[in-house]
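Below is one structure; the comments refer to it alone.
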Amino acid sequence: MSRYSLLACFVVLLLGSSALADDDVSFLNFTLVDPLPESMIGDPVDDTEVEMERIDGGVVIEGETSGLLPDHAYTIWALVFNNPAGCNEGCQIADDIGPDSGFAALWTGIGFVADEDGEAEFEAVMMEGEPAGEVLMGAGLTDAENCEIHLIVRYHGPAAYGNPELLEAQISTFGGGCEEFGCDDVQYAVLVADDDDDDDDDDDDDEDDEDDEDDDDDDDDDDDEFEFLEFMMGSPLESSASGNAIGGSKIEFEQFEDGFFIEGETSQLEPGFTYTIWAGVFNDPGECDGDCDISDFGVEGWSILWTGVGLIADEDGELEFEALVIENEPAGEIVTGPGLTDMDNAEIHLFVRSHGPASDDPEVLEAQLSQLMGGCDIYGCGVPQYAVLVAGD
């Protein structure tokens with residue numbers, strides 16, 4: 004099943020490029036670039052407009068966009084910062100996912116098939132506490148009056164007209180069509196009014212009232228217009244995204260016919276915090292554009308899966324671990340893609356994911372040690388370390 008790939012791109016799996024190694028490698032420090040590299044956000048998309056109106060207990064989002072693939076399926080997702088005051092100098096997904104900002108990621112209720120010109124019009128009403136469908140992270144929309152909302156247009160492949168069930172999934176779920184066609188996040192918009200928007204709106208209304216008798220339809224101070232930007236991935240990431248080797252860390256890697264075994268240790272973690280280890284697998288590295296890196300997420304054969312490792316760092320901030328990963332026999336969650344299917348050729352990236360301090364709640368703790376999003380809505384999550392294990396033949 005394919006889920007969370009947007010969060011994977013920005014928070015879970017921002018894996019920088021590094022030299023490939025043989026059987027014994029070290030973990031590298033990983034620091035998210037904040038704000039996101041400019042190369043990830045492209046130029047405005049022609050003939051696009053997004054309008055957001057705040058209403059009592061909710062928001063209305065209406066707009067149009069272009070530059071899409073005709074007869075292909077898309078959804079629109081909201082990254083909601085319910086408490087922008089809790090963000091670090093402007094809300095950024097690289098730095099503000101967690102309880103302080105009231106972050107949530109959820110479906111807006113918008114799903115469509117682009118017309119023959121690659122265009123679409125859409126409208127949705129998002130109400131507090133009433134999600135339209137999937138909530139990927141957080142509590143959803145809880146403060147419509149003050150929230151900042153970022154929109155993502157997500158691609159789900161050609162519309163599966165011959166399979167109504169699949170088509171419905173393509174236009175209403177995060178992973179709909181991803182296994183069959185691949186998915187991607189293609190456009191981005193930030194819906195937040197400037198501080199002086201209200202004053203500007205008042206001035207505009209005063210001037211327009213003299214010339215246009217229909218201004219009553221347009222003088223709502225809470226009605227703001229925005230546009231979509233092209234959503235891109237820079238490659239490789241800026242050098243600040245990857246750091247030096249971590250002293251005292253190592254990974255021993257053994258590859259065999261239908262899987263691999265890893266055994267290792269690492270340090271420089273938070274004592275008493277929970278961590279999981281995930282594998283980013285390129286089953287067919289030949290599909291990558293050069294060396295496999297973040298710009299290749301979503302290529303055919305790309306997958307993210309849990310290795311089966313979930314541990315609590317000891318009092319020195321250290322971990323020891325081992326894992327056996329077998330083709331088509333996942334230890335648990337597969338976040339996106341088919342899992343490990345071609346060990347003979349696969350290139351594997353490992354990353355250590357943090358899930359906050361070990362919870363006293365057994366159910367939360369179990370999730371922290373075995374799920375991608377375990378504890379994230381309570382403590383926030385991050386990716387402090389990564390390693391590239393092997394390139395295919």
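With the numbering used here, letter number 153 in the sequence shown gets 156, and the count goes up by one each step, no holes.
Glycine is no exception: its CB is placed at the ideal position from the N, C-alpha and C atoms.
Values in this document were obtained by computation on a predicted structure and should not be read as measured data.
Is aspartate 188 buried or exposed, if buried means 16 or more other CB atoms sit within 10 Å of its CB?
Here residue 188 refers to the residue found at position 185 when the sequence shown is read from its first residue. Buried, because 16 or more other Cβ atoms sit within 10 Å of the Cβ of aspartate 188.
Simplified DSSP state of isoleucine 58, which is helix, strand or coil:
Along the sequence shown, one-based indexing puts residue 58 at 55. Isoleucine 58: strand per DSSP, three-state reduction.
Would you please state the rounded distance, in angstroms, between the beta carbons of leucine 322 and leucine 272? I believe it to be under 8 Å.
Sequence index remark: in the sequence shown, residue 322 carries index 319 (1-based). Sequence index remark: in the sequence shown, residue 272 carries index 269 (1-based). About 6 Å separates the two Cβ atoms, so the contact holds.
Quick one: complete beta strand (DSSP E) runs, 3+ long, within the region 116 to 177?
123 to 130, 138 to 140, 151 to 161
Spatial distance of glutamate 119 from histidine 358 (CA atoms):
Your numbering for residue 119 matches position 116 in the sequence shown. Your numbering for residue 358 matches position 355 in the sequence shown. Cα to Cα, the separation comes out at about 44 Å.
Which partner residues of phenylalanine 259 appear in the DSSP bridge assignment?
The residue you call residue 259 lines up with position 256 of the sequence shown. Its beta-bridge partners are Gly262.
Could you tell me which residues DSSP pairs with glutamate 52 in its beta bridges?
As a position in the sequence shown, residue 52 is number 49, starting the count at 1. In DSSP, glutamate 52 forms a bridge with Glu67.
Is it the case that the Cβ atoms of leucine 144 and valine 53 are separated by a distance below 8 Å?
Here residue 144 corresponds to residue number 141 of the sequence shown, with the count starting at 1. Here residue 53 corresponds to residue number 50 of the sequence shown, with the count starting at 1. Result no, Cβ atoms of leucine 144 and valine 53 do not sit closer than 8 Å.
Can you check DSSP and say which residues form a bridge with alanine 107?
Stepping through the sequence shown from its first residue, residue 107 is reached at position 104. Answer is Val83.
Contact set for alanine 361: own chain, Cβ-Cβ below 8 Å, skip 5 residues either direction
Mapped onto the sequence shown, residue 361 falls at position 358. Answer for alanine 361: Gly275, Phe276, Thr277, Ile315, Leu368, Gln371, listed in chain order.
Following the continuous alpha helix (DSSP H) through glutamate 182, name the residue where it begins and the one where it ends.
On the sequence shown, position 179 is the one that residue 182 refers to. Run containing glutamate 182: 181 to 184, per the alpha helix (DSSP H) assignment.
What is the DSSP secondary structure of aspartate 380, reduced to helix, strand or coil?
In the sequence shown, residue 380 corresponds to position 377, counting from 1. Helix, per DSSP.
Distance, Cα to Cα, glutamine 374 vs tryptophan 110?
By one-based count along the sequence shown, residue 374 stands at place 371. By one-based count along the sequence shown, residue 110 stands at place 107. Taking the straight line from one Cα to the other gives about 21 Å.
Looking at the structure shown, is serine 245 part of a helix, part of a strand, or coil, going by DSSP?
Numbered from its first residue, the sequence shown carries residue 245 at position 242. Note that serine 245 has pLDDT 45, beneath the 50 cutoff, so the model's placement of it is unreliable and the number below is only indicative. Of the three classes helix, strand and coil, the one that applies to serine 245 here is strand, per DSSP.
Alpha-carbon to alpha-carbon, alanine 390 and serine 252
Within the sequence shown, numbered from 1, the residue matching residue 252 stands at position 249. Within the sequence shown, numbered from 1, the residue matching residue 390 stands at position 387. Taking the straight line joining both Cα atoms gives about 11 Å.
Which of helix, strand or coil DSSP assigns to valine 302
The count along the sequence shown starts at 1 and reaches residue 302 at position 299. Valine 302: coil per DSSP, three-state reduction.
Thinking C-alpha only, which one of Gly320, Gly311, Val338 is nearest isoleucine 329?
Numbered from 1 along the sequence shown, position 326 holds the residue referred to as residue 329. Selected option, being the one with the closest Cα: Gly311.
When the Cα atoms are used, what is the spatial distance from glycine 89 to glycine 105?
Numbered from its first residue, the sequence shown carries residue 89 at position 86. Numbered from its first residue, the sequence shown carries residue 105 at position 102. Glycine 89 and glycine 105: Cα-Cα distance of roughly 8 Å.
Thinking C-alpha only, which one of Gly342, Glu336, Phe184, Gly335 is nearest glycine 262?
Within the sequence shown, residue 262 is the residue found at index 259, counting from 1. The candidate whose alpha carbon is nearest that of glycine 262 is Gly342.
Kindly indicate which residue of Val195, Pro167, Leu139, Tyr164 has the alpha-carbon position closest to the one of glycine 178.
Indexing the sequence shown from 1 puts residue 178 at position 175. It is Leu139.
Straight-line gap, phenylalanine 259 to aspartate 49 (C-alpha atoms, nearest Å)
Taking the first residue of the sequence shown as 1, we reach residue 259 at position 256. Taking the first residue of the sequence shown as 1, we reach residue 49 at position 46. Spanning the two alpha carbons is a distance of roughly 50 Å.
Reduced DSSP category for alanine 349 - H, G, I as helix; E, B as strand; rest coil:
What you label residue 349 is simply residue 346 of the sequence shown in a count that begins at 1. Coil, per DSSP.
Is valine 83 near alanine 107, with beta carbons less than 8 Å apart?
For the purposes of this step, residue 83 is taken as residue 80 along the sequence shown, with counting starting at 1. For the purposes of this step, residue 107 is taken as residue 104 along the sequence shown, with counting starting at 1. In this structure, alanine 107 lies closer than 8 Å to valine 83 by Cβ.
For a quick check, are the C-beta atoms of glycine 280 and valine 355 less than 8 Å apart?
Here residue 280 refers to the residue found at position 277 when the sequence shown is read from its first residue. Here residue 355 refers to the residue found at position 352 when the sequence shown is read from its first residue. The sequence shown places isoleucine at residue 280, not glycine. Yes; because the gap between Cβ atoms is below 8 Å, this pair is in contact.
Using CA atoms only, rank isn't needed, just tell me which of Ile58, Asn91, Asn85, Asp345 is closest to valine 284.
For the purposes of this step, residue 284 is taken as residue 281 along the sequence shown, with counting starting at 1. Selected option, being the one with the closest Cα: Asp345.
Glutamate 131 versus threonine 78 - alpha carbon distance:
Working through the sequence shown from its first residue, we reach residue 131 at position 128. Working through the sequence shown from its first residue, we reach residue 78 at position 75. Each residue's alpha carbon lies about 20 Å from the other.
Closest Cα partner of glutamine 190 within the set Glu92, Thr269, Leu72, Val386:
For the purposes of this step, residue 190 is identified with residue 187 of the sequence shown, where counting begins at 1. Closest by alpha carbon: Leu72.
Among Leu308, Pro365, Glu92, which one has its Cα closest to the Cα of alanine 334?
Working through the sequence shown from its first residue, we reach residue 334 at position 331. It is Leu308.
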